[in-house]
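Novice:
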Amino acid sequence: MAMVYERSNGLVDVETHYCPGCTHGVIHKLVAEVLEELNILDKSIGVCPVGCSALAYKYFNCDMHQASHGRAPAVATGVKRVHPDSIVWTYQGDGDLASIGTAEIIHAAHRGEKITAIFVNNAIYGMTGGQMAPTTLIGQKATTAPLGRTEEHSGKPLKVSEMFATIPGAAFIERTTVHNPAGIRKTKAAIKKAFQCQLEGKGFSMVEILSTCPTNWGLTPIDSLKWLEDNMIPYYPLGNFRTPEGDE
64 MAMVYERSNG LVDVETHYCP GCTHGVIHKL VAEVLEELNI LDKSIGVCPV
114 GCSALAYKYF NCDMHQASHG RAPAVATGVK RVHPDSIVWT YQGDGDLASI
164 GTAEIIHAAH RGEKITAIFV NNAIYGMTGG QMAPTTLIGQ KATTAPLGRT
214 EEHSGKPLKV SEMFATIPGA AFIERTTVHN PAGIRKTKAA IKKAFQCQLE
264 GKGFSMVEIL STCPTNWGLT PIDSLKWLED NMIPYYPLGN FRTPEGDE
């Protein structure tokens, strides 16, 4: 019998600890497949901070380094400068990258650090209890915004990819989604381009991936996919925001 599908060698063969319906597992699969297909798994070093992303070091079959909350880009910068021939990447959530770690990620991009950031945006703090994140939508409820986020109190949700598109050191910036098969295919293609950007030494690269959090959203896994499509994509439009010169 012909083998149709098998687990990527980029993943460790263990059961994950994510909640039912969480799309972190899908994103892990895509990153692992890209690392394997580009033949860079054995020279990859991933950096994961605090939150749901902290579990990533258990699942990827490459060197992994854990960082303090928000500090993954700073750690990745040090790793890349010490090991310039390695492929160094961060795996960060929105509460991490877009909040406590904003300074680290922005300045890493400004310096044009040759690292790749996988940015998972599910519009809420996941592991820490469902608090409001910088990316939480207007009207969306959280444990720290039980009546829903308001613009008057918290301002508008932060559009990270649009902000990074203005940074000269950012060579590749794209926003994708994993809420449907078409989105998953495009996400894998974007992740591959981001790593190729690093391989070619073109500067900082980031893929922002719209993801679900059924547990903290208070929805079923299926309803979460629909909620993402109806609410997140209109505010966070999908597409490429920055491509290295000559690659257009």
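The working numbering puts the sequence shown at residues 64 to 311.
By construction, the Cβ of each residue, glycine as well, lies at the ideal position given by its N, Cα and C atoms.
Looking at the structure shown, is Ile181 part of a helix, part of a strand, or coil, going by DSSP?
Specialist: By one-based count along the sequence shown, residue 181 stands at place 118. If DSSP states are grouped into helix, strand and coil, Ile181 belongs with the strands.
Novice: Between Val183 and Ser274, is the Cβ-Cβ spacing less than 8 Å?
Specialist: Position 120 of the sequence shown, counting from 1, holds the residue named residue 183. Position 211 of the sequence shown, counting from 1, holds the residue named residue 274. For Val183 and Ser274, yes; Cβs fall inside 8 Å.
Novice: With three or more C-beta pairs closer than 8 Å as the rule, is the region 70–79 touching the region 141–154?
Specialist: The region 141–154, when compared against the region 70–79, does not touch it at the 8 Å Cβ threshold.
Novice: If you check the beta carbons only, do Pro307 and Ala234 fall under 8 Å apart?
Specialist: Residue numbering aside, residue 307 sits at position 244 when the sequence shown is read from its first letter. Residue numbering aside, residue 234 sits at position 171 when the sequence shown is read from its first letter. Contact flag set, yes.
Novice: What's the call for Gly211, buried or exposed, on a 16-neighbour Cβ count within 10 Å?
Specialist: Your numbering for residue 211 matches position 148 in the sequence shown. So Gly211 ends up on the exposed side.
Novice: Which ranges does the alpha helix (DSSP H) cover as unbroken runs of at least 4 residues, wholly within the region 143–198, from first to last along the chain?
Specialist: Counting only runs of 4 or more, we get 165–173.
Novice: Would you mind giving the Cβ-Cβ distance between Ala196 and Ser162, rounded to the nearest angstrom? I have them listed as a contact below 8 Å.
Specialist: As a working mapping, residue 196 is identified with position 133 in the sequence shown. As a working mapping, residue 162 is identified with position 99 in the sequence shown. Yes, they are in contact, since the Cβ atoms of Ala196 and Ser162 sit about 6 Å apart, within 8 Å.
Novice: Looking at Glu167 and Gly114, is the spacing between their C-beta atoms short of 8 Å?
Specialist: Translated into positions along the sequence shown, residue 114 becomes position 51. Translated into positions along the sequence shown, residue 167 becomes position 104. Their beta carbons are not under 8 Å apart, which means Gly114 does not touch Glu167 by this criterion.
Novice: For the putative contact between Gly174 and Gly232, defined by C-beta atoms under 8 Å, what is the C-beta separation to the nearest angstrom?
Specialist: Indexing the sequence shown from 1 puts residue 174 at position 111. Indexing the sequence shown from 1 puts residue 232 at position 169. At residue 174 the sequence reads Arg, which differs from the Gly that was named. Contact flag correct, Cβ pair sits at about 6 Å.
Novice: What runs of the alpha helix (DSSP H), each 4 residues or longer, lie entirely inside the region 246–311?
Specialist: Runs found: 277–280 and 284–290.
Novice: So, helix, strand or coil for Glu78, using DSSP?
Specialist: Here residue 78 refers to the residue found at position 15 of the sequence shown. Residue state, collapsed to three classes: coil.
Novice: According to DSSP, which residues form a beta bridge with Arg238?
Specialist: Working through the sequence shown from its first residue, we reach residue 238 at position 175. DSSP, once it has assigned bridges, lists Glu271 and Gly302 as partnering Arg238.
Novice: Just list the residues that DSSP pairs Phe123 with in beta bridges.
Specialist: As a working mapping, residue 123 is identified with position 60 in the sequence shown. DSSP, once it has assigned bridges, lists Leu74 as partnering Phe123.
Novice: Which two residues bound the contiguous alpha helix (DSSP H) that contains Ile90?
Specialist: If you number the sequence shown from 1, residue 90 lands on position 27. Segment His87 to Glu100, the alpha helix (DSSP H) holding Ile90.
Novice: Measure how close the beta-carbons of Thr240 and Leu200 come, nearest whole angstrom, since I'm counting them as under 8 Å.
Specialist: Translated into the one-based positions of the sequence shown, residue 240 becomes position 177. Translated into the one-based positions of the sequence shown, residue 200 becomes position 137. Wrong, their Cβ atoms sit about 15 Å apart, outside the cutoff.
Novice: Is it a yes or a no for the region 219–232 touching the region 115–134, going by three-plus beta-carbon pairs under 8 Å?
Specialist: Not touching, per the Cβ criterion.
Novice: Kindly list the residues whose CB is nearer than 8 Å to the CB of Gly164, restricted to its own chain and excluding five residues on each side of it in sequence; keep chain order.
Specialist: Taking the first residue of the sequence shown as 1, we reach residue 164 at position 101. For Gly164, where only same-chain residues beyond five positions count, the Cβ hits under 8 Å are Pro112, His132, Gly133, Arg134, Ala135, Pro136 and Gln155.
Novice: Pick helix, strand or coil for Val110, following the three-state DSSP scheme.
Specialist: What you label residue 110 is simply residue 47 of the sequence shown in a count that begins at 1. If DSSP states are grouped into helix, strand and coil, Val110 belongs with the strands.
Novice: Going by CA-CA distance only, name the one from Gly158, Lys143 and Glu271 that's closest to Ala117.
Specialist: In the sequence shown, the residue the question calls residue 117 occupies position 54. The residue with the shortest Cα to Cα distance from Ala117 is Gly158.
Novice: Is Gly132 helix, strand or coil by DSSP?
Specialist: As a position in the sequence shown, residue 132 is number 69, starting the count at 1. The amino acid at residue 132 is misidentified as Gly; the sequence shows His. Three-state result, His132: coil.
Novice: Our contact map puts Ala172 next to Ile230 with C-beta atoms below 8 Å; I'd like the distance itself, whole angstroms only.
Specialist: Taking the first residue of the sequence shown as 1, we reach residue 172 at position 109. Taking the first residue of the sequence shown as 1, we reach residue 230 at position 167. So it is a contact: roughly 5 Å between Cβ atoms.
Novice: Helix or strand or just coil, what does DSSP make of Ala205?
Specialist: One-based indexing of the sequence shown puts residue 205 at position 142. If DSSP states are grouped into helix, strand and coil, Ala205 belongs with the strands.
Novice: Under a Cβ-count criterion, where at least 16 other Cβ atoms within 10 Å of its own Cβ denotes burial, should Ile285 be classed as buried or exposed?
Specialist: Counting from one through the sequence shown, the residue named residue 285 turns up at place 222. That one is exposed.
Novice: My understanding is that Gln261 touches Thr179, with C-beta atoms under 8 Å, so please give their C-beta distance in whole angstroms.
Specialist: Counting from 1 along the sequence shown, the entry for residue 261 is found at position 198. Counting from 1 along the sequence shown, the entry for residue 179 is found at position 116. So it is a contact: roughly 5 Å between Cβ atoms.
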